[in-house]
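*Asks:* Counting from 1, one number per residue, gives the positions in the sequence shown under full-length UniProt numbering.
Idealized CB from N, CA, C, for every residue including glycine.
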Amino acid sequence: LAATQPSTNWHLKENAREHHTSKFSSEELIVRRGQAFTVTFNGTEHPEQNLVFVAETGPKPSKATKTLAAFGISSTVSKEGWSAVLQSTSSNSVSISISSPHNAVIGRYKLSVQSGSSSPASLGTFVLLFNPWSSGDDVFMPNKAECEEYVLEEFGIIFAGTKNHISSFGWNFGQFQGDILNICLAIMDRSLYYRQDPVTDVSHRHDPRYLGRVLSAMVNANDDQGVVLGNWSGKYEGGKNPTSWTGSGEILQSWKKSGFKPVKYGQCWVFAAVLTTVLRCLGIPTRTITNFSSAHDADGNLRVDEFYDADGNHLERGADSVWNFHVWNESWFTRNDLGPSYSGWQILDATPQEESGGIYQCGPASRYAVKEGEVDLDYDCSFVFAEVNADCMYWNYDSATGKKTLIFSKSTEIGDSISTKAVGRDDRVDVTSDYKYAEGSAKERDIFKKARKKLGLEDKFDPTAPTQEEIEKKPDISGKFKVAGSLQVGQDLNLFLVLENLQSDAKTVNVNMTAWSTLYTRRPVNEIWKDSISVTLAPKEEKQFPIKIKYPEYQQQLTTDKTIQVTALCHVEDGIQVLVQRNIILDNPAINIQVLGEAKVNKEVVVEVVFSNPIDTEVTDCVLQVEGNDLVQGILELRIPPLKASEKSSTKFKLIPSEAGPKHLLVNFSCDKFPDIKTFKMVNVIN
């Protein structure tokens with residue numbers, strides 16, 4: 001080599017196109033493993049046959065840890081390791097096609113070249129990612145449309161609400177924006193695993209199983225000063241309310257800008273969305289999954305216990321809980337450790353619920369293993385199995401005596417309407433049958449027994465469990481809450497308590513009713529209303545009792561989850577107690593987005609957002625936040641003047657789309673009475 005530094009042409013455009021990395025906005029070469037890329041450099045003297053290339057990554061590259069490869073020019077691509085094939089030469093430059101193995105360590109590499117006995121010359125750096133388009137890769141996904149969605153799509157839809165009332169909101173994953181790739185590489189280098197043993201950690205980065213687990217720990221702040229700090233208190237001073245985020249970019253950028261201090265605050269969908277961004281960025285196909293009526297079984301007995309006092313108040317007792325919904329991730333890769341049938345979708349969960357191996361991480365748990373009750377398999381299958389299958393026990397707890405009485409138990413409550421976004425469409429797809437056999441079927445009960453047996457729960461006496469006699473007791477009455485009219489924030493809440501006497505003799509019932517505002521985890525925050533009635537039901541009679549909770553009664557108490565739990569604890573004379581409960585989610589008023597005119601690349605287009613104040617008092621502190629890749633740079637924030645009762649506001653702003661195709665605009669409107677009203681609109685941008 002000449003003494004001068006060789007100048008390198010990385011063929012950024014052509015390589016990116018071949019490697020599905022064109023969406024990254026980087027001056028550095030970004031390629032996928034197991035696939036050739038072309039590099040041209042000058043300053044070499046013949047013969048080319050003597051050139052030796054070195055690709056190295058990590059703090060102490062070595063051949064033993066597969067973090068360093070030295071390879072000469074060969075006539076064909078190597079099946080095993082790295083290789084270089086000569087493309088063309090001219091008087092002063094050489095074009096080489098370089099291939100990495102299918103199981104190469106991912107990350108940032110230095111590439112250098114050496115000729116004969118001269119010292120090596122640096123050609124520069126490149127980033128190597130997983131390759132779901134390549135059949136030899138552990139993350140290979142044969143369906144191309146799925147690759148597009150689960151690796152290249154930057155817009156997502158996350159499902160929330162309750163199983164009776166599923167709602168959804170858009171999210172900007174933004175995995176190809178600005179500095180996100182560098183931040184994802186920094187996340188790996190800040191994990192506990194890396195800090196304890198950097199050399200071994202980097203050598204494991206060929207394995208999506210390993211990285212999935214490490215990143216599930218790093219996305220939450222517990223243990224390792226990771227990205228997002230969780231907060232389920234209902235009070236979010238000193239940070240942002242979890243419901244206010246609309247994308248991962250702002251969170252990841254804040255983490256980096258603050259010198260890697262955890263970003264305040266997240267709840268489950270924030271952790272899942274950020275993990276989706278990081279894994280898609282690195283090339284592991286990933287999606288978010290929402291499980292409705294999700295069990296958090298803290299003590300591992302496949303049972304969740306809920307406690308109520310005599311007045312019907314939901315008590316925070318014990319560590320078990322049932323969340324209205326919980327969001328986690330599925331990532332697609334093979335499980336060479338378990339065998340072919342366990343490959344495919346793997347569950348990862350970055351929400352810090354329980355420790356696994358001493359730190360807050362969860363997964364990868366094979367979805368197939370969860371469905372088959374293989375709860376003893378790595379990693380955390382029993383926790384995920386409980387999230388979708390645990391039995392529910394409702395107890396009456398007397399704090400004076402410490403006595404608890406079973407009200408009833410239910411084995412069909414948990415794990416409902418498991419949902420994800422459709423491939424290539426903005427629709428919901430139900431994947432419940434991929435997690436379990438039909439609820440109530442013999443097969444489903446068999447799998448539950450198999451799981452209990454594997455966990456050693458079948459043989460051991462559990463003093464906290466109800467007796468068979470308690471479970472089999474039949475109530476004399478049944479009850480339910482019926483909703484009358486609409487469930488809108490700003491309007492009175494009208495319900496009926498419907499009670500039916502199932503027996504052929506009259507029954508006297510004392511009913512204690514409460515309504516509490518809760519978080520989506522069903523954690524009670526503020527009492528809104530309580531009442532008690534005494535009723536007599538004639539044989540087989542059904543009666544309806546109207547309940548009205550006025551807007552001013554609940555307005556101050558409502559959390560941003562807009563969730564109210566209504567409970568009626570019915571004390572039947574000489575009979576067993578009956579618990580009637582319903583989790584109600586109120587809908588925000590709507591906001592409307594109109595794109596006025598055609599959206600064209602590099603041309604201004606006007607967007608109008610319309611909001612009508614539905615209540616009879618003024619709303620203040622109105623802010624509109626807008627984001628959307630290829631439509632808006634960063635986040636656009638617009639202040640809007642206060643709106644009088646029933647007044648309508650129209651806000652117009654301009655966009656300059658930077659790329660053609662279907663793009664999503666996300667809008668978040670907030671004011672003092674209605675925080676975080678979200679909507680999104682697909683904008684078709686033409687050239």
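1) Start and end of the beta strand (DSSP E) containing L68?
2) For Q253, would you say it is in contact with chain C, using Cβ-to-Cβ distances shorter than 8 Å as the test?
3) Could you pull the start and end residues of the alpha helix (DSSP H) that E387 belongs to?
4) Expressed to the nearest angstrom, what Euclidean distance is found between the alpha-carbon atoms of A121 and S26?
5) Short check: CB of G116 to CB of N15, under 8 Å?
6) Contact defined as beta carbons within less than 8 Å: I believe R32 pairs with Q175. What is the distance between those atoms, to the nearest angstrom?
7) Going straight from the alpha carbon of V609 to that of I615, what length do you get?
8) Is there contact between the stretch 551-564 and the stretch 484-493, where contact requires at least three CB pairs shorter than 8 Å?
9) Count the other CB atoms within 10 Å of the CB of R303; is the residue buried (16 or more) or exposed (fewer)?
10) Which one or two residues does DSSP pair with A36 in a beta bridge?
11) Would you list, in sequence order, the uninterrupted beta strand (DSSP E) runs of no fewer than 3 residues that lie entirely inside the stretch 514-559?
12) Can you have a look at A2 and say buried or exposed, based on whether 16 or more other CB atoms are within 10 angstroms of its CB?
13) Identify which residue in L455, R522, I584 has its Cα closest to the Cα of L493.
14) Can you tell me whether R367 is buried or exposed? The criterion is at least 16 other CB atoms within 10 Å of its CB, across all chains shown.
15) Between which two residues does the alpha helix (DSSP H) harbouring G249 extend?
16) Is the CB-CB distance between Y520 and W245 below 8 Å?
17) Taking just the CA atoms, how far does Q35 sit from S100?
18) Could you give the distance in angstroms between the alpha-carbon of residue 705 and the alpha-carbon of P641?
19) Within its chain, find whatever has a CB closer than 8 Å to the CB of K681; leave out the 5 residues flanking it on each side and keep chain order.
20) Going by DSSP, which residues form a beta bridge with R428?
21) Do the stretch 508-515 and the stretch 562-574 make contact, defined as three or more Cβ pairs closer than 8 Å?
22) State the start and end residues of the unbroken alpha helix (DSSP H) segment that holds C281.
23) In whole angstroms, what is the alpha-carbon distance linking S517 and K603?
24) For K473, does the count of other Cβ atoms within 10 angstroms reach 16, so buried, or fall short, so exposed?
25) Using only CA atoms, which one of G358, N291, W171, L338 lies nearest to V375?
26) Can you tell me the Cα-Cα spacing of S331 and G226, whole angstroms?
27) Hey, would you say K66 sits closer than 8 Å to S168, going by beta carbons?
28) With a 10 Å radius around its C-beta and 16 neighbouring C-beta atoms as the bar for buried, classify V685 as buried or exposed.
29) Could you give the uninterrupted runs of the alpha helix (DSSP H) lying entirely in the stretch 191-241, keeping only those of 4 residues or more?
30) Ignoring anything shorter than 3 residues or poking outside the stretch 135-188, list the beta strand (DSSP E) runs there in chain order.
31) Pick from P662, Q196, M188, N231: whose alpha carbon is nearest that of A217?
32) Do W269 and A160 have their C-beta atoms within less than 8 Å of each other?
33) In the DSSP assignment, find the beta strand (DSSP E) that holds A121 and state where it starts and stops.
34) I think G98 touches F41, with their Cβ atoms under 8 Å apart; what is that distance to the nearest whole Å?
35) What do you reckon, are the CB atoms on K110 and T89 nearer than 8 Å?
36) Any idea what DSSP makes of D305, helix, strand or coil?
*Replies:* According to the structure shown:
1) 68-74
2) Considering every chain present, this structure includes no chain C. It has just one protein chain.
3) 381-389
4) Here the alpha carbon of A121 sits roughly 23 Å from the alpha carbon of S26.
5) no
6) About 14 Å separates the beta carbon of R32 from that of Q175, a gap too long to meet the 8 Å contact definition.
7) 19 Å
8) yes
9) buried
10) According to DSSP, A36 shares a beta bridge with S99.
11) 524-537, 542-549
12) For A2, the predicted model reports a pLDDT of 45, less than 50, meaning its position is unreliable; a value from the coordinates is still stated below. Under this definition A2 is an exposed residue.
13) I584
14) buried
15) 249-257
16) The answer is no: Cβ separation not under 8 Å.
17) 6 Å
18) Outside the shown range of the chain (1 to 687) lies residue 705, about which nothing can therefore be said.
19) The beta carbon of K681 lies closer than 8 Å to those of I593, V595, H664, L665, V667 in the same chain, with the five residues before and after it left out.
20) K421.
21) Judged by Cβ distances under 8 Å, the stretch 508-515 makes contact with the stretch 562-574, as three or more pairs qualify.
22) Annotation: the continuous alpha helix (DSSP H) that includes C281 extends over 268-282.
23) 47 Å
24) exposed
25) L338
26) Rounded to the nearest angstrom, the gap between the Cα atoms of S331 and G226 is 20 Å.
27) Not closer than 8 Å, so no.
28) Burial state of V685 is buried, judged by a 10 Å Cβ sphere holding 16 or more other Cβ atoms.
29) 192-196, 198-203, 208-218
30) 155-162, 165-172
31) M188
32) Yes; because the gap between Cβ atoms is below 8 Å, this pair is in contact.
33) 121-129
34) The question names Gly, yet the displayed sequence has Ile at residue 98. I98 to F41, Cβ: 11 Å. No contact.
35) no
36) strand
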